[in-house]
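Enquirer: Residue numbers (the working numbering), protein chains in the order written: chain A, 1 to 84; chain B, 85 to 269. Before I ask anything, let me first share the structure, which is written out below as structure tokens.
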Amino acid sequence: MKELEFLKKLGTVAGREEVPQLDVSRRVLAALREREQDSFRPLAWVAAFSSAVAIPFAIAAFYALETLTHPLLNVFYPLRWVML
Amino acid sequence: MDPIDTEDIRGSLKGDGAAYARLVKRHQAKVASQLWRFTRDKAHHEELVQDVFVEAFFSLKTYRGEAPFEHWVAKITTAVGYRYWKNRTKERQDPSVPLEEWLQIPADRVEAMEPTEAADLLHRLLDRLQARDRLVLMLRYVEDLTVEETAARTGWTQTMVKVQAWRARKKLKRLFQEAGLEIGQ
Numbered sequence: 001m002k003e004l005e006f007l008k009k010l011g012t013v014a015g016r017e018e019v020p021q022l023d024v025s026r027r028v029l030a031a032l033r034e035r036e037q038d039s040f041r042p043l044a045w046v047a048a049f050s051s052a053v054a055i056p057f058a059i060a061a062f063y064a065l066e067t068l069t070h071p072l073l074n075v076f077y078p079l080r081w082v083m084l
Numbered sequence: 085m086d087p088i089d090t091e092d093i094r095g096s097l098k099g100d101g102a103a104y105a106r107l108v109k110r111h112q113a114k115v116a117s118q119l120w121r122f123t124r125d126k127a128h129h130e131e132l133v134q135d136v137f138v139e140a141f142f143s144l145k146t147y148r149g150e151a152p153f154e155h156w157v158a159k160i161t162t163a164v165g166y167r168y169w170k171n172r173t174k175e176r177q178d179p180s181v182p183l184e185e186w187l188q189i190p191a192d193r194v195e196a197m198e199p200t201e202a203a204d205l206l207h208r209l210l211d212r213l214q215a216r217d218r219l220v221l222m223l224r225y226v227e228d229l230t231v232e233e234t235a236a237r238t239g240w241t242q243t244m245v246k247v248q249a250w251r252a253r254k255k256l257k258r259l260f261q262e263a264g265l266e267i268g269q
């Protein structure tokens with residue numbers, strides 16, 4: 001097939017062309033660092049959301065624990081306000 | 085496999101950036117040479133070379149060392165270049181440079197052409213074909229790879245390579261006929 005011979009000849013001559021010299025090593029490392037930071041970003045959001053949800057539960061748990069360990073505290077605590 | 089590559093791959097997997105930089109420096113010229121067939125735009129070319137090594141890094145865990153690292157990277161290079169062509173085909177509004185303009189060069193004059201002129205002509209000629217046809221023609225007839233090697237490089241089956249090459253040859257012939265070019269005259 002003559003078209004293929006033409007293509008091959010063209011490819012052979014084109015292969016002698018000088019390819020631009022470049023050094024991408026620094027850019028590659030920078031891109032990898034950037035991607036690494038990006039991959040942590042969703043995790044940071046999950047952590048922030050978890051903390052926001054956990055704080056009210058922690059406060060509620062603290063009061064529940066107080067009530068269980070000192071059952072009469074709920075009775076005396078309002079009285080203290082009255083005495084003041 | 086090259087023991088220096090093995091050592092740097094191990095280092096890279098442990099997070100040693102310097103080891104990966106050494107790996108990039110050793111293989112970037114070959115990758116750049118392969119990608120120069122996919123684009124002749126220097127900015128895009130550099131970006132594609134970078135993309136290859138970024139993708140290679142994230143796939144490094146899957147590299148088993150059965151083939152030389154260079155062959156493994158060549159597969160990624162082909163995939164990156166092919167993806168670039170496919171995206172460009174979608175974006176491209178007017179792919180046509182008038183055929184008459186570049187087909188004025190007689191086939192017997194090809195060997196006397198300047199390499200840059202020939203590369204430019206080759207690029208524009210293949211640019212008129214779909215990415216898949218272009219890829220198979222480039223690998224089989226420009227890079228002179230066997231069916232087996234083309235299949236390994238593209239991830240296609242050997243049957244698919246043969247069928248695709250046959251279709252691409254037909255399209256190439258039609259392209260020349262439409263331009264009214266008689267090869268060899």
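Each residue gets a CB set at the ideal place from its N, CA and C atoms; glycine is no exception.
#1: Where tryptophan 156 of chain B and alanine 196 of chain B are concerned, what is the direct C-alpha to C-alpha distance, given to the nearest angstrom?
#2: Exposed or buried, which one is histidine 70 of chain A when buried takes at least 16 other CB atoms within 10 Å?
#3: In chain order, what residues of the same chain have a beta carbon less than 7 Å from the beta carbon of arginine 216 of chain B, not counting five sequence neighbours either side?
#4: Whose Cβ in chain B lies nearer than 8 Å to the Cβ of proline 71 of chain A?
#5: Indicate whether at least one CB of chain A lies closer than 9 Å to the CB of glycine 101 of chain B.
#6: Quick one: residues in its chain with C-beta nearer than 8 Å to the C-beta of alanine 235 of chain B, no 5 flanking neighbours on either side, listed in chain order?
#7: Would you check if there are 3 or more beta carbon pairs closer than 8 Å linking the segment 152–172 of chain B to the segment 126–136 of chain B?
#8: Once the 5 residues before and after tryptophan 169 of chain B are set aside, which same chain residues still bring their CB inside 8 Å of it?
#9: Could you give the residue range of the alpha helix (DSSP H) that holds alanine 237 of chain B?
#10: Exposed or buried, what is alanine 252 of chain B when buried is set at 16 or more other beta-carbons lying within 10 Å of its beta-carbon?
#11: Under 9 Å, Cβ to Cβ, is there at least one residue of chain A near tryptophan 240 of chain B?
#12: For a test of the three-state rule: what should DSSP assign to aspartate 228 of chain B, helix, strand or coil?
#13: What does lysine 109 of chain B reach in chain A if we use C-beta pairs closer than 8 Å?
#14: Quick one: list the residues of chain A neighbouring phenylalanine 141 of chain B, beta-carbon separation under 8 Å, in chain order.
#15: If you draw a straight line from the alpha carbon of arginine 237 of chain B to that of proline 56 of chain A, how long is it in whole angstroms?
#16: Excluding five sequence neighbours on each side, which residues of the same chain lie with their C-beta closer than 7 Å to the C-beta of valine 231 of chain B?
#17: One question on the structure: do valine 28 of chain A and tryptophan 120 of chain B come within less than 9 Å of each other, judged by their Cβ atoms?
#18: Could you tell me the alpha carbon to alpha carbon distance between arginine 193 of chain B and alanine 140 of chain B, rounded to whole angstroms?
#19: Determine the contact status of aspartate 11 of chain A and valine 164 of chain B, defining contact as a CB-CB distance below 9 Å.
#20: Could you check the C-alpha separation between threonine 200 of chain B and leucine 206 of chain B for me, to the nearest Å?
#21: Return the first residue and the last residue of the alpha helix (DSSP H) that glutamine 214 of chain B is part of.
Expert: In short:
#1: If you take the alpha carbons of tryptophan 156 of chain B and alanine 196 of chain B, they lie about 35 Å apart.
#2: Flag for histidine 70 of chain A reads exposed.
#3: Gln248
#4: The premise fails here: proline 71 of chain A is roughly 55 Å from chain B at the closest Cβ pair, so nothing lies under 8 Å.
#5: yes
#6: Thr241, Gln242, Met244 and Val245
#7: yes
#8: Phe122, Ala215, Arg218 and Leu219
#9: The sequence shown places arginine at residue 237 of chain B, rather than the alanine named in the question. Its alpha helix (DSSP H) spans residues 231–238.
#10: buried
#11: no
#12: The answer is coil: DSSP assigns aspartate 228 of chain B none of H, G, I, E or B.
#13: Asp23 and Ser25
#14: Val28 and Leu32
#15: 57 Å
#16: Gln242, Val245 and Lys246
#17: no
#18: 41 Å
#19: Position check: residue 11 of chain A holds glycine in this sequence, whereas aspartate was assumed. In this structure, valine 164 of chain B does not lie closer than 9 Å to glycine 11 of chain A by Cβ.
#20: 10 Å
#21: It is not in any alpha helix (DSSP H) - glutamine 214 of chain B carries neither H nor E in the DSSP assignment.
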